[in-house]
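Undergrad: Note that this note's numbering has the sequence shown beginning at 2, numbered continuously upward.
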Amino acid sequence: MEKPACPQKSPYKVKVEEGKTYSWCSCGLSQKQPFCDGSHRNCEGNLRSLKYTAKSDKEIFFCGCKATKHPPFCDNSHLKL
């Protein structure tokens, strides 16, 4: 199955809270980017969200293009798209 077009080429800057778990959308189908809303359940394949638990309160950059080699974080892969 081919990946859908990315929902946003650039990363999503998000303030995360220590101890809180976030479900990053890895398929690009969610309407609540960069987080999963369960949209992948309507597709073929083995699509899943990726869980991330914040170790401290801070701002991080979640990948928006879904091409990162270090999910769920942006690694500037979008610059090569």
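Idealized CB from N, CA, C, for every residue including glycine. For clarity, every value in this text was computed on a predicted model and none was experimentally measured.
Helix, strand or coil for S78? Go by DSSP, reduced to three states.
TA: Position 77 of the sequence shown, counted from the start, is the residue given in the question as residue 78. DSSP places S78 in helix when its eight states are reduced to three.
Undergrad: Opposite E60 in the DSSP bridges: which residues?
TA: Taking the sequence shown and counting its residues from 1, the one referred to as residue 60 is at position 59. Per DSSP, K16.
Undergrad: Note down, in chain order, each residue of its chain lying with its Cβ closer than 7 Å to the Cβ of E19, except the 5 sequence neighbours on either side.
TA: Here the question's residue 19 lines up with position 18 in the sequence shown. Contacts found: A55, K56, S57, D58.
Undergrad: Going by DSSP, what residues sit across from K52 in a beta bridge?
TA: Your numbering for residue 52 matches position 51 in the sequence shown. Per DSSP, S24.
Undergrad: Suppose you measure from the CA of F63 to the CA of K70; what does that come to, to the nearest Å?
TA: Here residue 63 corresponds to residue number 62 of the sequence shown, with the count starting at 1. Here residue 70 corresponds to residue number 69 of the sequence shown, with the count starting at 1. Distance between the alpha carbons of F63 and K70 is about 12 Å.
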